[in-house]
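To convert a position in the sequence shown, counted from 1, into this note's numbering, add 114.
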Amino acid sequence: MKEKTAHQIAHVLTEALPYIQKFKGKTVVIKYGGNAMIDDKLKHGFARDIVLMKLVGINPIVVHGGGPQIGDLLKRLGKTSEFIDGMRVTDAETMDVVEMVLGGLVNKEIVNLINQHGGKAVGLTGKDGNFIHARKISITKAGANLADAPEIIDLGHVGEVSSIDPSVVEMLGSSDFIPVIAPIGVGKDGHSYNINADLVAGKVAEVLKAEKLMLLTNIPGILDKEGNLLTGLTLTDIDNLIADGTISGGMIPKTRCATDALKGGVTSVHIIDGRIEHSVLLELFTDQGIGTLLLRR
Ligand SMILES: Nc1ncnc2c1ncn2[C@@H]1O[C@H](COP(=O)(O)OP(=O)(O)O)[C@@H](O)[C@H]1O
Ligand SMILES: CC(=O)N[C@@H](CCC(=O)OP(=O)(O)O)C(=O)O
Numbered sequence: 115m116k117e118k119t120a121h122q123i124a125h126v127l128t129e130a131l132p133y134i135q136k137f138k139g140k141t142v143v144i145k146y147g148g149n150a151m152i153d154d155k156l157k158h159g160f161a162r163d164i165v166l167m168k169l170v171g172i173n174p175i176v177v178h179g180g181g182p183q184i185g186d187l188l189k190r191l192g193k194t195s196e197f198i199d200g201m202r203v204t205d206a207e208t209m210d211v212v213e214m215v216l217g218g219l220v221n222k223e224i225v226n227l228i229n230q231h232g233g234k235a236v237g238l239t240g241k242d243g244n245f246i247h248a249r250k251i252s253i254t255k256a257g258a259n260l261a262d263a264p265e266i267i268d269l270g271h272v273g274e275v276s277s278i279d280p281s282v283v284e285m286l287g288s289s290d291f292i293p294v295i296a297p298i299g300v301g302k303d304g305h306s307y308n309i310n311a312d313l314v315a316g317k318v319a320e321v322l323k324a325e326k327l328m329l330l331t332n333i334p335g336i337l338d339k340e341g342n343l344l345t346g347l348t349l350t351d352i353d354n355l356i357a358d359g360t361i362s363g364g365m366i367p368k369t370r371c372a373t374d375a376l377k378g379g380v381t382s383v384h385i386i387d388g389r390i391e392h393s394v395l396l397e398l399f400t401d402q403g404i405g406t407l408l409l410r411r
């Protein structure tokens, strides 16, 4: 039994070798969603995976979310927030909380965890190095009748990425450092904007010409209508799955950001279950992977 276990361990280690060789020197952007930051064991496992990637010569760039953590602090302050089309309506007070939680608490927790495991993480928001430029977005909803003018819904300080200056992240990633990015952008007016973390991760992957974009969430991947895990999906498959209603809700913006990244030159996107310990390593370094793999063609 003992011998078999040792054999299995050796098998797993050698299975990783071709992947380490293939991805050496390549950039991998990992989006660490707030729902995947569940307990200390998982968080430490994630941090170790990132440190290991860096040590074997891969350039990991972490973009994190923190939606549930923002919600918790707002609740403690007696504030509620509303989501429209998956985006948090963000008034000036809420923006202060978003900046405190994403740029402060969550960002520094991840930086600290990576550093505890021997990495050299540096936390950034889009304001650092004037890195993520944002513009305000609002949503247009069709009127009840054709004759009605469309209704414009103001989301407050919610933004989208207008451009990215990757120089600060490139400089850090090309040395010993591991950039850890909070999804806050800065407008031409100098104001902060709250941006969906998937959107930021997709754009960062595109601009850095990343080999992979990995989106850690709280579901095994994209599921079909019977709940089976789908993988090896192409851009056309995604369009069909959205059209027939298989992909809905929060998975729509996630897959849209994935398809944009693929069209922008990222080789593959992986949607994986962040609730599985060492999910990043399992997806990256094993033949079968664990989640949904999306490819351009
Ligand atoms: N076909 C699908 N496969 C998997 N999840 C889906 C699908 N369609 C809708 N969803 C929903 O999308 C959710 C993931 O999106 P979201 O909650 O926004 O993730 P995150 O908070 O990690 O960014 C899943 O938990 C699930 O409820
Ligand atoms: C505009 C908008 O909705 N921004 C998000 C930013 C954080 C995020 O995206 O976090 P997760 O990835 O953990 O959901 C928010 O305020 O919750």
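Virtual Cβ for every residue (Gly too), placed ideally from N, Cα, C.
Asked                                                                                                               : Found
Cβ distance (whole Å) where Gly412 is taken to contact Gly179 below 8 Å                                             : Because the chain is modelled from 115 through 411, residue 412 falls outside the range shown and cannot be assessed.
Nonlocal neighbours in the same chain, by C-beta distance under 8 Å from His247, ignoring five residues either side : Gly240, Val275, Ser276, Ser277, Ile278, Asp279, Gly299, Val300, Gly301 and Lys302
Distance cut-off 8 Å: Met56 Cβ against heavy atoms of ligand 1                                                      : The chain is shown only over 115 to 411; residue 56 falls outside these bounds and no answer can be derived.
Proximity of Gly270 and Thr204 at Cβ, strictly below 9 Å                                                            : yes
Distance, Glu223 Cα to Asp186 Cα                                                                                    : 16 Å
8 Å contact criterion, which Gly388 and Thr331 should meet: CB distance rounded                                     : 6 Å
Heavy atom of ligand 1 within 8 Å of Ala319 beta-carbon                                                             : no
Reduced DSSP secondary structure (H/G/I, E/B, other) of Val170                                                      : coil
Reference Leu327, options Glu196, Leu131 and Ala315, closest by Cα                                                  : Ala315
3 or more residues per run - each beta strand (DSSP E) lying fully within the stretch 165-216                       : 173-178
Which listed residue (Glu325, Leu355, Leu216 and Ile336) has its alpha carbon closest to that of Lys377             : Glu325
Of the listed residues Gly364, Asp374, Ile292 and Pro297, nearest to Leu166 (C-alpha basis)                         : Ile292
Asn310 (DSSP reduced to helix, strand or coil)                                                                      : coil
Residue burial classification, Leu169 (beta-carbon count within 10 angstroms, cutoff 16)                            : exposed
Burial state of Ser281 (16 or more Cβ within 10 Å)                                                                  : exposed
Three-state secondary structure (DSSP) of Ala296                                                                    : strand
Every unbroken alpha helix (DSSP H) within the stretch 259-287, with a cutoff of 4 residues, ordered by chain       : 281-287
Within 9 Å, strictly: CB atoms of Leu284 and Leu238                                                                 : According to the sequence shown, residue 284 is Glu rather than Leu. Contact: no.
Best match in Ala261, Asn221, Gln402 and Asp312 for proximity to Leu343 [C-alpha to C-alpha]                        : Gln402
Leu156 - DSSP class collapsed to helix/strand/coil                                                                  : helix
CA-to-CA distance, Val143 to Lys317, given in whole angstroms                                                       : 10 Å
Proximity test, Asp153 beta-carbon vs ligand 2 heavy atom, cut-off 8 Å                                              : no
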